[in-house]
Amino acid sequence: MKLEHRFVVPVPVEQAWAAFNDLERVVPCFPGATLTSCDGDEFAGSCKVKLGPVALQYTGTGIFVDRDPANHSAVLEAKGKDRRGNGTATARVTAQLTPTGDTATEVTVDTDLTITGRPAQFGRGLIQEVSDNLLDQFVDYLSVQLATPIEPASLAESASPAAPASPAEPVSPKAEPVSPAEPVSPAAPTPPRSPTTPPGPTPPSEASLNLASTLLPAVAKRVAPYLIGAAVALLLRRLLRR
Numbered sequence: 001m002k003l004e005h006r007f008v009v010p011v012p013v014e015q016a017w018a019a020f021n022d023l024e025r026v027v028p029c030f031p032g033a034t035l036t037s038c039d040g041d042e043f044a045g046s047c048k049v050k051l052g053p054v055a056l057q058y059t060g061t062g063i064f065v066d067r068d069p070a071n072h073s074a075v076l077e078a079k080g081k082d083r084r085g086n087g088t089a090t091a092r093v094t095a096q097l098t099p100t101g102d103t104a105t106e107v108t109v110d111t112d113l114t115i116t117g118r119p120a121q122f123g124r125g126l127i128q129e130v131s132d133n134l135l136d137q138f139v140d141y142l143s144v145q146l147a148t149p150i151e152p153a154s155l156a157e158s159a160s161p162a163a164p165a166s167p168a169e170p171v172s173p174k175a176e177p178v179s180p181a182e183p184v185s186p187a188a189p190t191p192p193r194s195p196t197t198p199p200g201p202t203p204p205s206e207a208s209l210n211l212a213s214t215l216l217p218a219v220a221k222r223v224a225p226y227l228i229g230a231a232v233a234l235l236l237r238r239l240l241r242r
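Residue numbering for the sequence shown follows UniProt numbering, starting at 1 and increasing by one per position.
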């Protein structure tokens, strides 16, 4: 099935492109996702999803098959399987970043998704709504992450050598001896500060995301017309029997 998403992040396109290529910074913004390794274009991770009583935990790998910095586009492929054997998932994701003015970027994500097992019993419409809900949360967390500036290293403090002490004045031999003052312990040197990455937005309280709150309204939205129709038909039937 094909899923399409569009959203806007409040940063220039170059900053957005750099962030999306920094998986260690971006992946934690997605609810339930964990990056376990990243080596060049290849990466591995897991994603926890709780669907009512069914807990799914996909583990898998992915690879960037194409990255075009000039056009700010990328294509990646990922595959994974549930640890308890409840199904598999494969996806080919195409992302395009487009500047919208000087301070914002529109991101278009087209996903060709194939799933098996229990999640496959849900139709495309429900999966689209669930993915929309997840993406909304991701964009909120990512926007906070991108809006937090990275504090540069305090190079001036670490690079400036301490000024040499002035030589002491010579003491006249006729002067009265002065008892030496108690030695003062030198202050511990302040270690240079290293660049710090801003803390990411607060993730969901649980590692897994319960999609029941998302699915139930979606199911109700689709089932409600049929239930109303059945109720009306039943009412008409009773009226006609009188």
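No residue lacks a Cβ here, since even glycine has one placed at the ideal position from N, Cα and C. Remember, it's a predicted structure, so these values are computed and weren't measured experimentally.
Whole-angstrom distance between residue j and residue i, CA atom to CA atom
i	j	result
arginine 83	glutamate 42	21 angstroms
residue 245	threonine 88	With the chain running from 1 to 242 in the structure shown, residue 245 is simply not present.
proline 12	alanine 18	10 angstroms
glutamine 128	leucine 134	10 angstroms
arginine 67	valine 93	12 angstroms
glutamine 15	lysine 50	33 angstroms
residue 266	asparagine 86	Past the edges of the chain, shown from 1 to 242, lies residue 266, and the structure says nothing about it.
arginine 124	methionine 1	7 angstroms
alanine 70	phenylalanine 64	16 angstroms
alanine 95	leucine 113	14 angstroms
valine 27	leucine 56	18 angstroms
aspartate 136	glycine 40	28 angstroms
Cross-strand partners of residue i (DSSP beta bridge)
i	result
proline 12	Partner(s): none; proline 12 has no beta bridge.
arginine 6	Thr108
Residue i - DSSP class collapsed to helix/strand/coil
i	result
methionine 1	coil
alanine 70	coil
alanine 44	strand
proline 119	helix
glycine 85	coil
aspartate 102	coil
Closest Cα partner of residue i within the set the options
i	options	result
glutamate 24	Gln15, Cys38, Glu14	Cys38
alanine 91	Lys81, Gly85, Leu126	Lys81
threonine 111	Lys79, Ala147, Ala55	Lys79
alanine 74	Leu146, Val26, Val109	Val109
serine 143	Ala44, Phe20, Leu3	Phe20
threonine 105	Leu35, His72, Val54	His72
Whole-number beta carbon distance between residue j and residue i, since they are thought to touch under 8 angstroms
i	j	result
cysteine 47	glycine 62	The pair is not a contact, with the Cβ atoms about 11 angstroms apart (cut-off 8 angstroms).
phenylalanine 122	cysteine 29	Contact doesn't hold; Cβ gap of about 25 angstroms is too wide.
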